[in-house]
Structures are given as C-alpha cells and as structure tokens.
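Since the structure comes first, as structure tokens, the remarks are kept for the end.
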Amino acid sequence: MGFEEFQTPRGTRDLLAPLSWQFEAMRRLALEWAARFGYDLIETPVFEKSPVFLRVGESTDIVQHESYRFTDAGGDDLTLRPEGTAAVARAWVQHGLATAPQPVRLCYFGPMFRRERPQADRYRQHTQFGAELYGSESPLADAEVILLATRVVDAAGLKNPEVRINSIGCEECRPRYREALVKFFTERQDSLCEDCRVRLQQNPLRLLDCKQDVEIRQDAPDLADYWCEACRTHILAVMAAVDAAGQTIRRDRHLVRGLDYYTRTVFEVGHPSLGDQVALFGGGRYDGLSGALGGAPAPAVGFGMGIDRLISALPAPPQAEGAPRVYVAHLPGFDQEAFLLALGLRQQGMAADADILGRSLKAQLKDAGRRAVVALIVGGAEWEHGTVGVRDLVRGTQEDIPRDALHGYLAERLQGDRA
Ligand code: HAM
10 MGFEEFQTPR
20 GTRDLLAPLS
30 WQFEAMRRLA
40 LEWAARFGYD
50 LIETPVFEKS
60 PVFLRVGEST
70 DIVQHESYRF
80 TDAGGDDLTL
90 RPEGTAAVAR
100 AWVQHGLATA
110 PQPVRLCYFG
120 PMFRRERPQA
130 DRYRQHTQFG
140 AELYGSESPL
150 ADAEVILLAT
160 RVVDAAGLKN
170 PEVRINSIGC
180 EECRPRYREA
190 LVKFFTERQD
200 SLCEDCRVRL
210 QQNPLRLLDC
220 KQDVEIRQDA
230 PDLADYWCEA
240 CRTHILAVMA
250 AVDAAGQTIR
260 RDRHLVRGLD
270 YYTRTVFEVG
280 HPSLGDQVAL
290 FGGGRYDGLS
300 GALGGAPAPA
310 VGFGMGIDRL
320 ISALPAPPQA
330 EGAPRVYVAH
340 LPGFDQEAFL
350 LALGLRQQGM
360 AADADILGRS
370 LKAQLKDAGR
380 RAVVALIVGG
390 AEWEHGTVGV
400 RDLVRGTQED
410 IPRDALHGYL
420 AERLQGDRA
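Remember, this note's numbering sits 9 above the position in the sequence shown when you count from 1.
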C-alpha cells in the first residue's frame, strides 16, 4: 500500500513483531554462546573506506558487482560492508591487536549489504552473526569456530546440521592444483557456461562450485591429491576434533567458497529446508588477510552466519517477547491510578499495559483478552479498601487481592510465563 517510492528498497524489509523479537532473541542467544567460548563483542562501522573491501576481493562478486559503493559529499570513496571479516581485520590492524594477549577472539552481530538478485532467503540487507579467531595456527582453532557456530544453530532449535569442509591448500600446494585445474577445464572450455569461462581466467577454483557445470566437474582433479603434507595434516586434524565433539562433518571436494582471502580450511553448512544452494553459515581460515591490510601477518579463522536464514529454517523460532502480560484496566475516573499502577509493575520487572484511549471497561477487558494473561481492575469500592480486582484471563477466575500483595501474587501467577 502507499506510493511505490515510499516503500522499502528491493531486497530489504522491515522487521515487525514477532520477527523483530525473534532477531533480538537470536542476537542474545548467539552472543551468550560466543561469550561462553570467550569471544569479545566488536562493533565496526557499517561503512568503510572502499579499499578495505577491494583489497580482499579482487575477484569476488560481492565486492566487484554487488557492493553499495558511493562517494560522499566530501569526496570519500566508501562502501557499505558486504561482510564482516575484512572490517574486523581492519580493526585488528588499526588497534594493534597483534600485541594483545593471544589468541584474540572477536564476534559481531549486525547488518551486511550486498546488491544481489533478491530471491527467497537472499536479501540486499541481511544480518550476520560472525566470529573471528586470531593468533592460532592450530587445527583446534578451526574446530573451535565450527563448533561455536553449530552450537548456536543447535541451541536455536535446528538439530544435527551437517558441516561440509574442504582445504583449498596453501601457497605451496595450491598453484600446482590450480595449474592442473586450468588444464582440465581449458580442454573442456567449449562445454562450460559463460560465467565459468570468465572464472577460468580470473579464479579457476570457483569452477568447482559452479551449479551449472556439475557434470564436467565430477571428473576434475581432486584437491586432496595436491595437498602438501602440512595442509593434509591440518584438515584431518580439524575433522577429527569436530568429529570427537560429536558434530557430523564430511569432506566436500567441490567446496571452495566465494571470497578470495581463504587459505586451507573452508567450510559451509546448509539445511534441507533452505534448498541446497543456500548456506546457513560459512567460513574458513584466512592467514594472509591482516598482512594484506598493512598489518603484521597473523593466522586467523572465522565464520559468518545468516540470521535471516537461520530464523526462516527454524521449526519454532526463539520465544518472542514484547506483548504485555498484565493489563491494568480501570473504571471511569481511575485512568491515572491505572497508569501509575502499570508503571509500578514495570518497575518491578513485569510487562504491563494500561488503557490510554479512554475506553470503557468492557472494551478494555476485550483488549486485555487478546494480549494479556491477567487483567487488573482499578477503581470502585475495592480500590478505596486497598484491593484490586484480578481477573485471570486464561483460567477464567476473578478475585480481589490487597494492593500490597499484588506483586507476589502476579509473580507467582506468571512464573514460567515471562511477565
Ligand atoms: P558468506 O558465506 O559470504 O561469508 O556469508 C556468510 C553467511 O551470511 C552465509 O552463509 C549466509 O547464511 C548469509 N548471507 C550471505 N549473503 C546473504 C544474503 N544476501 N541474504 C541472506 N543471507 C546471506 C562471509 O561473509 C564471510 N565473512 C564469513 C567468514 C567469517 N569467513 C571467515 N570469517
């Protein structure tokens, strides 16, 4: 409804209740788990100087074609962040976190912007929960971030996510693989889709996860045959640690991911309810990124999780909140008393509402019936005698309760049911 020009831009949406509360509940859940794993919260600006993202994604779609890049009135070249890893790496370098006690564990929760083609579960503004672990080369660091992500997914109510993992090798072994891959696909160039012919020139590894040329890639050389000993040992140790923690993990030899900064470990998790091209979270190791941004080279690994997608995949999204559970109704002339009583209950930690539309008692109780568990009736002789009428809207009972016993009564009634 309304004029087209006053509606949300394509690929974006307003979050209204209860969805807005579900996002908030997910934020709390994710940050609580991150804190248990020892991650500190970091909030970077939603826009950065463009080179922060350009440096890390020369052949990355989200940087090349999908960025919201603009020049502001002062002539600064800025980009709305398409992802969090580069922004956190910039902060890591800028604040000299290489000299802080290691490892450094950071997490974030916030909006990302990509001008992608909107479709189900793909937005131009989406929310990510992410974690980045700096300073450890150990495969246990990779296992830790994978397990943090799967614990959050599990705690949100999505059981047994399957983690797919691969190693794209290191600077020593990847060039040899790349060469073999280019040879293989060049020989079959005529059968490739248009995008893959470009990839062959710019980023041949991405040919492996093309959704169109599935047949051809089946016979492509396997990275595992080219891993150096260190890369092989690393991925096997990551898988063993994740597996020992009871989390299903399997190698996917076609997994390469779409960002340029990865080295060795890459992983992704999907869910049947999202379709097989849609990931719930993804990440990997990126030991060269801080160096590319002008800092000391530091090993690092992390993930980003799509909260929009996680909520959409959940059979029962986390408990929403917001609706007042206690409704303070009043007889004519007692609107201020009801207003103040509701305020007092809120101060005691309850969610309470009172009428401010001058409605009749009947209309107030009807309203209460839609939203509250208990209605209080303020006014009349009961009020003069220091009591309040309490109507239990679920059980259908009514009784008078002394005002000074009200809090205890309500607290007990609403126990287990958030006030
Ligand atoms: P990414 O795979 O591009 O990785 O995004 C992470 C997650 O964000 C995806 O798995 C997906 O759930 C969600 N996501 C991405 N784009 C959209 C979209 N248009 N609409 C809805 N959800 C979306 C990264 O961004 C890396 N920074 C992850 C990382 C952290 N790697 C290392 N550390």
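C-beta atoms are modelled at their ideal positions from N, C-alpha and C, and glycine is treated no differently.
In the structure shown, the three-state DSSP call for S176 is strand. Unbroken alpha helix (DSSP H) runs of no fewer than 4 residues, entirely contained in the stretch 325 to 395, are found at 344 to 356, 370 to 380 and 389 to 393, following chain order. Going by DSSP, V275 is part of the beta strand (DSSP E) stretching over T274 to G279.
Selection L340, G284, L370 and V335 evaluated against Q128 yields G284 as nearest (Cα-Cα). With 16 or more other CB atoms across the displayed protein chains lying within 10 angstroms of its CB, S176 is buried. DSSP, reduced to helix, strand and coil, places H135 within a strand of the structure shown.
With fewer than 16 other Cβ atoms from the protein chains shown falling within 10 Å of its own Cβ, S200 counts as exposed. Between Q111 and the set G315, Y143, R206 and L40, the nearest pair of CA atoms involves Y143. Taking the Cβ of D261 as the reference point, every heavy atom of ligand 1 lies at 6 Å or farther away. Secondary-structure assignment with DSSP links L142 through a beta bridge to R114 and V310. Taking every protein chain shown into account, the CB of A322 has 16 or more other CB atoms within 10 angstroms, so this residue is buried. Placement of the Cβ of G313 at a distance of less than 6 Å from at least one heavy atom of ligand 1 is found. When Q345, P120 and A109 are compared, the shortest CA-CA separation from R133 is found for P120.
Of the residues assessed, F12 falls on the exposed side of the cut-off, its CB having fewer than 16 other CB atoms within 10 angstroms. By the 16-neighbour rule on beta-carbons within 10 angstroms, D151 is buried. Contact between the stretch 333 to 341 and the stretch 360 to 371 is present, with at least three C-beta pairs closer than 8 Å. With respect to the C-alpha of G417, the residue from V382, V387 and M359 having the closest C-alpha is M359. Annotated three-state conformation of A165 is helix, per DSSP. S29 and H135 have their alpha carbons spaced roughly 13 Å apart. In the three-state reduction of the DSSP assignment, L402 falls in the coil class. Counting along the chain, no beta strand (DSSP E) covers I225; the unbroken alpha helix (DSSP H) around it starts and ends at V223 to R226. A direct Cα-Cα distance of roughly 40 Å separates K220 from G84. Per DSSP, reduced to three states, the secondary structure at K58 is strand. Taking 7 Å as the cut-off, the beta carbon of E180 is found no closer than this to the beta carbon of P308. Under the 8 Å Cβ criterion, the stretch 200 to 216 does not count as touching the stretch 293 to 312, having fewer than three qualifying pairs.
Closest option to T94, judged by alpha-carbon separation, among Y77, R64, L149 and D86: R64.
The beta carbons of T159 and Q256 sit about 5 Å from each other, so the pair counts as a contact at 8 Å. If the five residues before and after A254 are omitted, its C-beta is found closer than 8 Å to the C-beta atoms of A152 and L156, all from its own chain and listed in chain order. Residue nearest to E391 within the set F348, Q356 and F343 is F343 (criterion: CA-CA distance).
Pairing E408 with E277, the inter-Cα distance amounts to about 57 Å. Rounded to the nearest angstrom, the gap between the Cα atoms of S369 and V382 is 19 Å. When secondary structure is reduced to three states using DSSP, Q407 falls in the strand class. With a cut-off of 8 Å on Cβ pairs, the stretch 34 to 54 is not in contact with the stretch 72 to 86, counting fewer than three such pairs. Taking 7 Å as the cut-off, the Cβ atoms of C205 and L216 count as close.
In the structure shown, the three-state DSSP call for Q198 is helix.
Under DSSP, the beta-bridge partners assigned to R260 are I174.
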